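**Q** Okay, here's the structure, questions in a sec.
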Amino acid sequence: MTTNIRTRFAPSPTGYMHIGNLRTALYEYLLARSGGGKFLLRIEDTDVERYVEGATEVIYNTLKVAGIQHDEGPDVGGPFGPYVQSRRRESYAKYAEELVDKGGAYMCFCSKERLDSLKEHDPHAKYDRACLALTTEEARARRDQGEGCVIRQLIPDGETTFRDEIFGDITVAHTELEDQVLLKADGYPTYNFANVVDDHLMQISHVVRGSEYLSSAAKYTLLYHAFGWDVPVYIHLPPVMGSSGKKLSKRLGDSSFEDLLREGFLPEAIVNYIALLGWSPGGEREIYSLGELEEIFGTQGLSKSPSIFDKVKLTWMNSEYFKNMDEQKFFVMAEPYLKDAVKRPGADLRLLAGMCRPRIEFLTDITKLLGFIDELPSYDIALFEHKKMKTTASNALENLRKVLPRLEAVALWDLAGIRAELEDFIKGEGLKNGQVFWPIRTALSGKESSPCGAPELAELLGREESLRRIRHGIELLEQS
Ligand code: GLU
Numbered sequence: 049m050t051t052n053i054r055t056r057f058a059p060s061p062t063g064y065m066h067i068g069n070l071r072t073a074l075y076e077y078l079l080a081r082s083g084g085g086k087f088l089l090r091i092e093d094t095d096v097e098r099y100v101e102g103a104t105e106v107i108y109n110t111l112k113v114a115g116i117q118h119d120e121g122p123d124v125g126g127p128f129g130p131y132v133q134s135r136r137r138e139s140y141a142k143y144a145e146e147l148v149d150k151g152g153a154y155m156c157f158c159s160k161e162r163l164d165s166l167k168e169h170d171p172h173a174k175y176d177r178a179c180l181a182l183t184t185e186e187a188r189a190r191r192d193q194g195e196g197c198v199i200r201q202l203i204p205d206g207e208t209t210f211r212d213e214i215f216g217d218i219t220v221a222h223t224e225l226e227d228q229v230l231l232k233a234d235g236y237p238t239y240n241f242a243n244v245v246d247d248h249l250m251q252i253s254h255v256v257r258g259s260e261y262l263s264s265a266a267k268y269t270l271l272y273h274a275f276g277w278d279v280p281v282y283i284h285l286p287p288v289m290g291s292s293g294k295k296l297s298k299r300l301g302d303s304s305f306e307d308l309l310r311e312g313f314l315p316e317a318i319v320n321y322i323a324l325l326g327w328s329p330g331g332e333r334e335i336y337s338l339g340e341l342e343e344i345f346g347t348q349g350l351s352k353s354p355s356i357f358d359k360v361k362l363t364w365m366n367s368e369y370f371k372n373m374d375e376q377k378f379f380v381m382a383e384p385y386l387k388d389a390v391k392r393p394g395a396d397l398r399l400l401a402g403m404c405r406p407r408i409e410f411l412t413d414i415t416k417l418l419g420f421i422d423e424l425p426s427y428d429i430a431l432f433e434h435k436k437m438k439t440t441a442s443n444a445l446e447n448l449r450k451v452l453p454r455l456e457a458v459a460l461w462d463l464a465g466i467r468a469e470l471e472d473f474i475k476g477e478g479l480k481n482g483q484v485f486w487p488i489r490t491a492l493s494g495k496e497s498s499p500c501g502a503p504e505l506a507e508l509l510g511r512e513e514s515l516r517r518i519r520h521g522i523e524l525l526e527q528s
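The sequence shown runs 49 to 528 under our numbering.
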């Protein structure tokens, strides 16, 4: 299905990607994809003072890693980049001029000193419209003679009502608005102006952005009306709050997308998590691939209330993504960690990867999980005691003493051989499984939990090392 849905992500290059911004990009992307439309990327870099070197690359890479691919760019047909506002300067000046002719804007020659003096008594004082007294001809003549000027929006009397998909109809009295600058003296547009011109030129049908822009939507709507252009559908998203109870912010120590990647979160898990941060497909299910989200996303699931970024939940999702990951993909990711954790020659890294996969939240957990393989950690003999397994220090000692010669006699040291021997021993002694498996598992790992049970551990460690560790366990228990 092809529709005329066209959305855009319009970040300002600030040097990092807020989670809130990434969510905006994702929703714009999903909205376009779910309706068979197009998703555009536009870098809003007209605020020269705020420009941060390399920031555009951060945006670009973030979207790439997240799998949010834009559809169109200045060089459609070949490798294309995003639209970049600073490269589109001429068109804003042309449209500002058109707006002057249409009566929606006027030239202003007021000096900085004069404007400052207006705010001397009241810092919130609005521009007093002194230059509105000039006719357009007079103003253009002054400008032609080289006098610097800005172009301001002319806010008419009355009020404006616009509709937001999430917040409904909103009416703003024009007395609350000001004749703001649209085009600066250096020919650069302000964000407010460039945004509207570009959304029109790029035929954007749905504008998704943070609710902090809700208060500006009335003046944008007035600009569309003054030009005689269609107003896009507005979708203003409620903020994402951090653990501090305030809106997520780098300044408050909240993680950016790049930070989360560095912390070990998978891009797929982050994308899945933020998709559900303010939108719900309904039902209990929580794990969705990007492809699935592209199918089911719709504005009706968007929430009106702020959402809370919950790292615990994201951590759970990360572990789910490891569990469900393709085996080979996981192995490639895990290999450096496995090699770091286990240096003994001949270790079966694929087997170890399979053991770790369902048990980790982060790849770094592999090191912790397998840390006992090369070297038995020193451990407390209290670990031998386990109520549910019905093991105590004394029956652990007794059972380890008895099972040791049986294990020493195992002919073929592999999983089946070890397991058969242990089961036979348990049966013969009339014991519970846990009373033998638990003390062996403890002696072999020296840890409260291990990525596999006693027979697997014994196979993994090999005959000599396993028997050595069991003897060591017996000694520890004897000394207590
Ligand atoms: N450049 C604005 C920002 O980064 C975009 C807002 C919008 O989407 O219109 O917040």
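Even for Gly, the Cβ is constructed at its ideal location relative to N, Cα and C.
A quick note: this is a predicted structure, and the numbers were derived from the prediction, not measured.
DSSP on S134, reduced to helix/strand/coil?
**A** Helix at S134.
**Q** Just to check, is the beta-carbon of G258 closer than 8 Å to a non-hydrogen atom of the ligand GLU?
**A** At least one heavy atom of the ligand GLU is nearer than 8 Å to the Cβ of G258, so yes.
**Q** Could you have a look at P354 and say whether DSSP puts it in helix, strand or coil?
**A** Coil, per DSSP.
**Q** Taking the alpha-carbon positions, what's the A153 to F57 distance?
**A** Between A153 and F57, the C-alpha separation is close to 27 Å.
**Q** With 16 as the cutoff for other CB atoms within 10 Å, does V380 come out buried or exposed?
**A** The residue in question, V380, is exposed, as its Cβ has fewer than 16 Cβ neighbours within 10 Å.
**Q** If you reduce the DSSP assignment to three classes, tell me which class P237 lands in.
**A** It is a strand residue.
**Q** With DSSP collapsed to three states, give me the class of R54.
**A** Residue state, collapsed to three classes: strand.
**Q** By Cβ distance, which residues of its chain are closer than 7 Å to A233, with the 5 residues on each side in sequence left out?
**A** G196, C197, V198, listed in sequence order.
**Q** What's the C-alpha gap between A389 and E496?
**A** Each residue's Cα considered, the two are about 18 Å apart.
**Q** To the nearest angstrom, how far is the alpha carbon of S303 from that of V132?
**A** Answer to the nearest angstrom: the Cα atoms are 27 Å apart.
**Q** Express the C-alpha separation of L525 and K416 in angstroms, rounding to a whole number.
**A** Cα to Cα, the separation comes out at about 25 Å.
**Q** Just how far apart, CA to CA, sit E559 and L505?
**A** Summary: the structure shown does not reach residue 559, with the chain confined to residues 49 through 528, and so no result is reported for it.
**Q** Going by the CB atoms, is the gap between P287 and S351 shorter than 9 Å?
**A** No; because the gap between Cβ atoms is not below 9 Å, this pair is not in contact.
**Q** Determine the extent of the beta strand (DSSP E) in which Q201 is found, giving its start and end residues.
**A** 198–201 is the extent of the beta strand (DSSP E) around Q201.
**Q** Does the ligand GLU have a heavy atom nearer than 8 Å to the CB of T209?
**A** No, since every heavy atom of the ligand GLU falls outside the 8 Å radius drawn around the Cβ of T209.
**Q** Under 9 Å, do L452 and L515 count as touching if we go by C-beta distance?
**A** In contact: L452 and L515 (Cβ atoms closer than 9 Å).
**Q** Can you name, in chain order, every residue of its own chain whose Cβ lies under 8 Å from the Cβ of F215, other than the five neighbours on each side?
**A** Closer than 8 Å at Cβ, skipping near neighbours: S259, L262, H284, K352.
**Q** D192: buried (16+ other C-beta within 10 angstroms of its C-beta) or exposed?
**A** The residue in question, D192, is exposed, as its Cβ has fewer than 16 Cβ neighbours within 10 Å.
**Q** Assign T490 to buried or exposed, taking buried as 16 or more other Cβ atoms, counted over all protein chains shown, within 10 Å of its Cβ.
**A** Classification for T490: buried.
**Q** Determine whether the beta carbon atoms of F275 and E146 lie at a separation below 9 Å.
**A** Their beta carbons are under 9 Å apart, which means F275 touches E146 by this criterion.
**Q** Taking the alpha-carbon of P329 as reference, which of E316, F345, I322, N320 has the nearest alpha-carbon?
**A** Comparing Cα positions, the closest option is F345.
**Q** Between Q483 and K438, is the Cβ-Cβ spacing less than 9 Å?
**A** Cβ distance < 9 Å, so Q483 and K438 count as in contact.
**Q** What does DSSP give as the partner residues of G258 in its beta bridges?
**A** Paired residue(s): L285.
**Q** Reducing DSSP to helix, strand and coil, say where C158 ends up.
**A** C158: coil per DSSP, three-state reduction.
**Q** Using 8 Å as the cut-off, classify the Cβ of Y540 as near or not near the heavy atoms of the ligand GLU, replying yes or no.
**A** Given a span of 49 to 528 for the chain in the structure shown, any question on residue 540 remains unanswerable.
**Q** Using three-state DSSP, classify G482 as helix, strand or coil.
**A** Three-state DSSP puts G482 in a helix.
**Q** Nearer than 8 Å: is that true of the beta carbon of E92 relative to any heavy atom of the ligand GLU?
**A** Yes; taking the cut-off as 8 Å, the Cβ of E92 has a heavy atom of the ligand GLU nearer than that.
**Q** Are there 16 or more other CB atoms within 10 angstroms of the CB of I408, so buried, or fewer, so exposed?
**A** So I408 counts as buried.
**Q** For E207, report the span of its beta strand (DSSP E) as first-last.
**A** Run containing E207: 207–212, per the beta strand (DSSP E) assignment.
**Q** Between the alpha carbons of T209 and G312, how many angstroms are there, rounded?
**A** About 46 Å.
**Q** For A141, which residues from the same chain have a beta carbon less than 7 Å from its beta carbon, with the 5 sequence-adjacent residues on both sides left out?
**A** Closer than 7 Å at the Cβ level, and outside the excluded window around A141, lie L231, G235.
**Q** Taking the straight line between their C-alpha atoms, what separation do you get for L424 and P406?
**A** If you take the alpha carbons of L424 and P406, they lie about 23 Å apart.
**Q** Give a yes or no on whether the C-beta atoms belonging to L89 and Y64 are separated by under 9 Å.
**A** The answer is no: Cβ separation not under 9 Å.
**Q** Opposite R90 in the DSSP bridges: which residues?
**A** DSSP output for R90 lists Y131 as bridge partner(s).
**Q** Just grab the DSSP bridge partners of D217 for me.
**A** Looking at the DSSP assignment, D217 forms a beta bridge with R211.
**Q** Our contact map puts I559 next to L79 with C-beta atoms below 8 Å; I'd like the distance itself, whole angstroms only.
**A** No statement about residue 559 is possible, as the shown extent of the chain runs from 49 to 528 and does not include it.
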